[in-house]
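**Q** The structure that follows is given in the form of structure tokens.
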Amino acid sequence: MLMAAATATMSAYNFVMDGIYYNINADSTSVSVTYKGSSSTGNTYSGQVTIPAEVSYNGMTYAVTSIGGDAFNKCTGLTRVDLPNSISSIGRNAFHGCTALNHINIPNSVTFIGGDAFMSCSSLTELFIPASVQTIELMSFSYCYGLTSIVVDENNLYYDSRDNCNAIIGKANCVLLAACVNTVIPNSVKRLAAGTFNGFTWLTEVNLPDSLEYIGESAFRDCTGLSYIEIPNKVTEIADCAFAGCTGLTEVELPESLQYLGGCVFMDCPCLTSLFIPANVTRILGGLTTRDYNITNIVVDPRNTKYDSRDNCNAIIEKKYLGRFTNLIEGCNNSFIPEGVTHIGSMAFAYCDKITEIEFPNSLINIDAGAFYECSALTSVYIPEGVRQIGLDAFRNCTNLISISLPSTMNNIGTFNIGTYCFYGCTNLEDVICFSLYPPRYEMYGFFESSTYSNARLHVPEEAIEAYKNASYWRNFITILPIGDINGDGNVAISDVTGLIDLLLSGEELPAWGDCNGDGKVTVADATTIIDKLMEMN
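So the sequence shown is numbered by the numbering used here: it starts at 680 and just counts up by one.
In structure tokens, the structure reads:
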């Protein structure tokens, strides 16, 4: 291990000259400026750095032709870099996080600027792209909050800053790649690239041109001052996280032209209270509004052939999931799950912190990963018969959850029944009821908080107690009781019938473990179930 670490450190650079680290390129005649040691912790460049056009080492003279990936990454003390005309490429993340960098000259020899190359260079105020540049990758200048001027050389064949727009626009597909404080989006722009206005907290309004067709990933992410936006009627696609973190956004109008909504488009938009999905949308990635939001009204245009919000359920339902199922992909604090829904999609109700209880339909067969993640007000969960699988993190961090009831159909046949960390963080669990005769199979690791095994009681069919005592993780429960043992003495007897009837007559809140027939309710029918069980035993 020590030898491997030493080799990794040595291979970070071939030699150092005048405080600058170099790697010899494959042609053996040129070098790239690189970093010392780890790109995240080893960079030591600061102040003003001047890169020479050539450098001599061991009797050889090398042309300096590129700034390597991560070369100045996180050099927060770097203020100025002067590049020679020998440089042809600036690698990915080359100046990422150089927050004090206030000057960079990109020489007329550079043809390539890598992704995130100048990301978060918040002290840069002016940017000039020379005629030589042929490729600018996505998010090269994202989070450059201080930029007030962006100019592209008028002789550049691939990019321009038409109409004095203070932006970089790719000519081939009219895509706006980088913006600044003074950017005005020209009417010829068809696409906003990933991260175009990412983190522009000062942005309070934006005029999107009628020519616009595509809004890229994180294009307006963390634009906290934005309160309203109208999407033009040619836009067909809004990519992942496009408006995530727009904490002031109260209203958004999605156009009839829209066909695709990416994941987490409106994540962390707590002021957004309603969402309308137009008729032509044919693809939605789940988790549109995930985390810290107050949406209470979700409506799908009734003309939409792919999705609906049937029965005023305040949710988005995919009508034909995998060709034959019905999948609820997006819910809110005001949703209910209609009969006919077979799947609850990944993160569908995640962070809905006002849901105290939820009624599942009898049609349900699957609950996907993170579906109820951090639904912190949820107190009890009854999973109906027919459900065979609950995914990763499905009820994780439901901190007020007291009881869980799992059906007999989670019976360890074919595949896993409970995903990793499914009930992890449910620190107040008191009772886990499982009607399966076979201990449900876990996906990989544990699915309960470690304290649950000592603090909660596990209720299972009497004939399956030994199976649970011998099954991984299930056997960790200190208290395992037979279903129907109302008084908790470890046996099912006539006294439990009396105890349940007393509970029913008391008018007090009925315990989840009083549900002995697995119908999700505690009624006199459960007393009958105990009697039937006693008669079978006799």
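C-beta atoms are modelled at their ideal positions from N, C-alpha and C, and glycine is treated no differently.
#1: Going by C-alpha distance, which of Asn1045, Ala705, Arg1075 and Ala1146 is nearest Thr1088?
#2: Spell out the partners DSSP gives Ala1027 in its beta bridges.
#3: Do Pro809 and Asp842 have their C-beta atoms closer together than 8 Å?
#4: So, are the CB atoms of Thr926 and Asp947 less than 8 Å apart?
#5: Kindly give me the distance between the Cβ atoms of Ile1157 and Ser1133, rounded to whole angstroms, as I take these residues to be in contact under 8 Å.
#6: Nearest-angstrom Cα distance between Met798 and His782?
#7: Tell me, which residues are paired with Arg870 by DSSP?
#8: Can the beta-carbon of Ile974 be found closer than 8 Å to that of Val944?
#9: Excluding the five sequence neighbours on either side, which residues of its own chain have a C-beta within less than 7 Å of the C-beta of Met696, listed in chain order?
#10: What would DSSP say about Met682, mapped onto helix, strand or coil?
#11: Kindly confirm or deny that the segment 787-798 and the segment 810-827 touch, where touching means at least three C-beta pairs closer than 8 Å.
#12: Could you pull the DSSP bridge partners for Ser1084 from this structure?
#13: I'd like the list of long-range same chain contacts for Ile894, defined as Cβ closer than 6 Å, with 5 residues on each side in sequence excluded.
#14: In terms of residue numbering, what span does the beta strand (DSSP E) encompassing Ser735 cover?
#15: Which first and last residues belong to the beta strand (DSSP E) in which Ile696 is found?
#16: Around the C-beta of Asn772, are 16 or more other C-beta atoms found within 10 angstroms, so that it is buried, or is it exposed?
#17: Using the Cα positions of Val1203 and Leu1183, report the straight-line distance between them to the nearest angstrom.
#18: Using a threshold of 8 Å, state whether the C-beta atoms of Gly1019 and Asp1047 are closer than that.
#19: What residues match up with Glu932 in a beta bridge as DSSP calls it?
#20: Would you kindly report the start and end of the unbroken alpha helix (DSSP H) that includes Val885?
#21: Just how far apart, CA to CA, sit Trp1153 and Phe1126?
#22: How long is the line joining the alpha carbons of Asn834 and Val978, rounded to whole angstroms?
#23: Output yes or no for whether 8 Å exceeds the beta carbon distance between Leu887 and Gly904.
#24: Determine the direct distance from the alpha carbon of Gly965 to that of Asn983, and round the result to whole angstroms.
#25: Taking the alpha carbon of Ser819 as the point to measure from, which residue in Ser811, Asn787 and Thr875 has its own alpha carbon closest?
#26: Please report the distance separating the alpha-carbon of Tyr1030 from that of Cys1054.
**A** This is what the structure gives:
#1: Measuring from the Cα of Thr1088, the nearest candidate turns out to be Asn1045.
#2: Assignment of beta-bridge partners to Ala1027 by DSSP yields no partner.
#3: It is not a contact, given that the beta carbons lie outside the stated cut-off.
#4: Pairing Thr926 with Asp947 gives a Cβ-Cβ distance under 8 Å.
#5: That pair is a contact at about 5 Å.
#6: Between the alpha carbons of Met798 and His782 lies a gap of roughly 14 Å.
#7: Residue pairing for Arg870: DSSP places it in a beta bridge opposite Val854 and Tyr893.
#8: Their beta carbons are not under 8 Å apart, which means Ile974 does not touch Val944 by this criterion.
#9: Only Val734 and Tyr736 meet the Cβ criterion.
#10: Below a pLDDT of 50, predicted positions are generally treated as unreliable, and Met682, at 34, falls in that range; no measurement from the model is reported.
#11: Under the Cβ criterion (8 Å, minimum of three pairs), the segment 787-798 counts as touching the segment 810-827.
#12: Under DSSP, Ser1084 takes part in a beta bridge, and its partners are Tyr1061 and Ile1112.
#13: Closer than 6 Å at Cβ, skipping near neighbours: Leu871, Ile917 and Ala921.
#14: Where Ser735 is concerned, the enclosing beta strand (DSSP E) stretches over Glu733 to Tyr736.
#15: For clarity, residue 696 is Met in the given sequence; the question names Ile instead. Start and end: Phe694 to Met696.
#16: Asn772 is buried by the Cβ-count criterion.
#17: Counting only the Cα atoms, Leu1183 lies some 7 Å from Val1203.
#18: No, they are not a contact pair.
#19: Checking the DSSP bridge columns, you'll see Glu932 partnered with Glu909.
#20: Looking at the DSSP string, Val885 is not in any alpha helix (DSSP H), and its letter there is neither H nor E.
#21: For Trp1153 and Phe1126, the distance between alpha carbons rounds to 10 Å.
#22: In this structure, the CA atom of Asn834 is about 49 Å from the CA atom of Val978.
#23: No.
#24: Whole-angstrom Cα-Cα distance: 17 Å.
#25: Nearest to Ser819 by alpha-carbon distance, out of Ser811, Asn787 and Thr875, is Thr875.
#26: Going from the Cα of Tyr1030 to the Cα of Cys1054 covers about 5 Å.
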